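The block underneath contains the structure these notes are about, expressed in structure tokens.
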Amino acid sequence: MTAVLEVEDLTVRFYAEEGVVTAVDGLSYRIEAGETFGVVGESGAGKSVAALSVLGLIDSPGRIEGGEVRFEGEDLLSMDESALRSVRGDGIGTVFQDARAALNPVYTVGEQIAETIEHHLEYAPSTARDRAIRLLDRVGIADAETRYSDYPHEFSGGMCQRAAIAMALSCDPELIVADEPTTALDVTVEARILDLLAELADEFDVAVQLVTHDLGVIAGTCDRAMVMYAGEAVETAPVEELYYDPKHPYTAGLMSAIPRVGDDDDRLPTIPGTMPDPIDPPPGCRFHPRCPFAEEACTRTDPALVDPETGEAATLDDDRAAACLEYTEGLSGGLDYSVEVAGGTGEHVEKAIDEREEGGSDE
Amino acid sequence: MSLRRFVVRRALSVVPVLFGVSVITFGLFHLTPGDPVSQLVALNPDVSAAEEARLRERWGLSGPVWRQYLAWLSNVLVGDFSRELRTGRAVSGILWRRLPETIVLGAFGWVFAIAIAIPAGIYAAVNKGRFGDVAARVLALSGVSIPNFWLGLLLILVFSLYLGLFPVLPPSRLPLYHPETLRYLLLPGVTIGTAAAASVTRVMRTSMAEELNEEYVTAARARGLPERTVVFKHVLRNSLVSVVTLAATLTAGIVAGSVVVESVFNWPGLGSEFVRAINRREVNVVMAITLVTAVAVVLANFLADVLYAVLDPRIRYD
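Chains as they are written, first to last, in numbering that gives the first Met the number 0: chain A, 0 to 362; chain B, 0 to 317.
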């Protein structure tokens with residue numbers, strides 16, 4: 000398999016009045032052709048900024064400070080604006096969180112899809128229109144021919160997102176960057192949109208970078224996933240391994256925070272504390288103030304992404320990586336959590352992690 | 000709702016507004032103490048009460064107010080605005096002679112304002128925070144702050160007296176379609192358009208800058224559309240909606256401005272006629288000009304409503 004996208008050491012900073020925010024800090028990952036790659040994390044983890052950086056769409060006061068974003072081997076960050084524009088929408092399609100807001104309210108949905116097609120594929124208006132109608136039909140818009148001339152406000156939220164997917168696919172891209180594509184939708188619509196996205200990704204043989212805060216979405220649709228925390232990747236793994244064998248205490252904490260049908264607990268386990276102040280992140284490991292296993296060493300050394308088996312620095316080609324000192328120096332207490340697979344259908348992170356929290360290192 | 004139905008509905012809703020306008024115009028003049036006849040007569044002790052009553056009868060000033068109003072309205076509806084008290088000239092004749100002058104001047108000021116303001120506003124919004132933006136904002140603020148009578152006098156002083164580029168007074172009767180007219184239009188047109196240009200620039204800049212932050216702009220860029228298309232096709236149309244709102248209001252401003260500007264430049268339009276009529280207490284003329292002005296403002300608002308609906312399909316559904 001070849002990588003369609005390789006991001007290496009990407010750093011994005013925002014120069015706000017209150018100080019400099021490093022929204023994405025030395026991020027590296029790769030996406031294989033045709034695969035669905037999940038990026039998961041809490042709000043403010045930098046996942047959306049990372050997604051927009053891929054397209055070079057970071058506006059002032061934000062700035063991409065360094066790193067490479069190689070799309071089909073070519074670094075997008077060193078391209079000039081016009082070369083970059085010919086990749087946007089053509090090689091890389093985008094689906095935004097709020098599809099209605101991403102559509103211009105004063106042009107019809109169809110016009111906007113056809114506009115992209117005319118621009119990149121240099122189709123005549125009538126051919127572009129036909130293609131747009133076929134795409135609308137393909138993403139499940141009934142009566143696509145008539146709906147072509149509807150304005151975005153005449154579409155439901157789910158239909159807007161379907162249209163946005165049609166638009167993202169309109170020029171046969173190699174990659175679709177989907178930034179929280181279902182967050183604004185209700186749950187039943189969400190499931191249908193995700194199915195559609197998966198189905199079309201398969202049919203059009205397109206890779207997807209799926210940004211979400213929802214681990215359930217990752218489990219249902221992705222091949223591999225990356226967990227982000229405070230601008231950094233803390234763990235990368237094939238989805239099954241991420242769920243059955245989380246290597247980073249943050250991932251384990253996220254897993255235990257998923258509510259499950261049949262749980263008899265009254266309260267949902269949570270990870271204590273909040274994300275660190277992005278202007279003044281804690282020294283050492285950024286997760287240590289919230290980590291039940293944190294030790295003195297964690298406050299000093301910022302762990303790098305390593306292969307958890309060998310402790311060697313992870314490369315872009317590694318499928319499995321985690322950033323915890325446990326895998327390089329070894330924590331004296333170790334990572335004292337275990338994973339219990341419940342009923343063969345789901346997975347369950349043992350409550351050990353919560354008991355430790357209640358024991359005391361909580362701030 | 001289709002665009003045509005929207006337009007028809009709005010057009011129908013203009014009718015009661017025009018009715019209200021006529022009531023207020025008529026009412027205001029009848030609320031002011033002393034009717035024109037008492038002014039005519041007051042200077043002359045020889046006029047008998049019977050003669051005074053006859054005069055009132057002749058000018059349609061006798062009987063209950065509502066009957067006076069109906070008589071006035073039915074005349075106005077067929078284009079008869081009565082006569083000047085002193086000269087007996089038909090007011091409608093005065094209107095038809097003066098109106099084109101004012102329309103030409105206003106239209107020139109308008110075109111001048113829009114031609115400067117829209118590009119300046121776009122430029123400032125796109126270069127927000129940079130030198131061009133700051134310069135445009137300072138100019139716009141000065142434009143809003145400078146009173147038009149002062150600007151007019153200053154322009155005459157500099158361009159007519161110091162530089163000698165324009166005559167101080169326009170030639171008495173040059174037909175409006177004469178190409179030479181354009182030259183005499185320049186100074187008063189600029190004077191009348193400056194304030195409008197300044198406020199349109201400000202609104203254009205603000206609304207454009209706001210629209211540029213919308214997600215559909217990022218989305219349009221993410222589709223690889225050239226920045227030109229993003230700004231001039233996608234953002235411009237959305238930001239024009241608030242400019243249209245302002246433009247309707249500015250029409251009233253331009254009409255009001257014409258009173259001052261036409262006096263300063265001795266432009267033979269409705270504005271200078273208005274001042275003259277007030278000074279001579281020619282009530283029928285003042286009323287006619289007030290009515291025409293009010294109707295113009297109502298129509299401008301109607302046009303703005305239609306333009307909204309053309310620009311933004313969401314407005315057609317209310």
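In this text, a Cβ means the ideal position worked out from N, Cα and C, and glycines have one as well.
If you're wondering where the values come from, they're calculated on a predicted model, not measured in any experiment.
- When CB distances to chain B are screened at a threshold of 7 Å, the residues of the stretch 88-101 of chain A falling below it are G88, D89, T93, F95, D97, A100, A101, in chain order.
- Chain B has a Cβ within less than 8 Å of the Cβ of Y150 (chain A).
- Closest in alpha carbon position to R99 (chain A), among A:V226, A:D335, A:S155, A:R128, is A:S155.
- When B:R55, B:Y183, B:I314 are compared, the shortest CA-CA separation from T244 (chain B) is found for B:I314.
- In the structure shown, V94 (chain A) falls within a strand segment according to DSSP collapsed to helix, strand and coil.
- If you compare the alpha carbons of A:M227, A:V210, A:L102, A:A229 with that of T220 (chain A), the shortest gap goes to A:V210.
- L324 (chain A) is outside the set of residues whose beta carbon lies under 8 Å from a beta carbon in chain B.
- Secondary structure in the stretch 230-308 of chain A: the alpha helix (DSSP H) runs of 4 residues or longer, each lying completely within the stretch, are 238-243, 248-255 in chain order.
- If you ignore the 5 residues before and after L134 (chain A), its C-beta comes within less than 7 Å of the C-beta of I112, A165, L168, S169, all in its own chain and listed in chain order.
- Interface annotation, L56 (chain A): in contact with chain B, CB-CB separation under 8 Å.
- CA-CA distance, D79 (chain A) to P225 (chain B), rounds to 13 Å.
- Proximity of the stretch 254-264 of chain B to the stretch 190-205 of chain B meets the contact definition, three or more beta-carbon pairs being nearer than 8 Å.
- Listed along the chain, the chain A residues whose CB falls inside 8 Å of the CB of D311 (chain B) are P104, V105.
- At least one CB atom of chain A sits nearer than 8 Å to the CB of L224 (chain B).
- By the 16-neighbour rule on beta-carbons within 10 angstroms, I23 (chain B) is exposed.
- Distance check between N237 (chain B) and each of B:S1, B:R222, B:A208, B:T200 places B:A208 closest, using alpha-carbon atoms only.
- For the stretch 166-184 of chain A, residues whose beta-carbon sits nearer than 9 Å to a beta-carbon of chain B comprise M166, A167, S169, C170, V176.
- When DSSP states are grouped into helix, strand and coil, E7 (chain A) belongs to the strand group.
- Using beta-carbon distances, R223 (chain A) does not count as an interface residue toward chain B, since no partner is under 8 Å.
- Closer than 8 Å to the CB of S155 (chain A) there is not a single CB belonging to chain B.
- At a Cβ-Cβ threshold of 8 Å, T35 (chain A) and D317 (chain A) do not count as neighbours.
- Nearest neighbour of I257 (chain A) by Cα position, chosen from A:D213, A:E294, A:H247, turns out to be A:D213.
- Within the stretch 271-295 of chain B, no residue places its CB atom closer than 8 Å to a CB of chain A.
- Taking all protein chains in view, the Cβ of G92 (chain B) is surrounded by fewer than 16 other Cβ atoms within 10 Å, so the residue is classified as exposed.
- By the CB criterion at 8 Å, V125 (chain B) and L184 (chain B) fall outside the cutoff.
- Taken in chain order, the whole alpha helix (DSSP H) runs of length 4 or more contained in the stretch 246-295 of chain B are 269-278.
- Contact between the stretch 272-292 of chain B and the stretch 219-235 of chain B is absent: fewer than three C-beta pairs spanning the two stretches fall below 8 Å.
- Residues of chain A whose Cβ lies closer than 7 Å to the Cβ of A303 (chain B) do not exist; the shortest such Cβ separation is about 16 Å.
- In this structure, the alpha-carbon of I57 (chain A) lies about 12 Å from that of Y14 (chain A).
- Residue-level contact by beta carbon holds for S85 (chain A) and chain B, with a gap shorter than 8 Å.
- Ranked by Cα distance from V242 (chain B), the first of B:R280, B:A195, B:A276 is B:A195.
- Judged by their CB atoms, G88 (chain A) and T107 (chain A) are not nearer to each other than the 8 Å cut-off.
- Within the stretch 143-200 of chain A, complete beta strand (DSSP E) segments of at least 3 residues are found at 174-178, given in chain order.
- Under the 8 Å criterion on CB atoms, T211 (chain A) is classed as non-interfacial with respect to chain B.
- Rounded to whole angstroms, the gap between the alpha carbons of L298 (chain B) and T250 (chain B) is 10 Å.
- Within chain B, the C-beta atoms nearer than 7 Å to that of T115 (chain A) come from R222, in chain order.
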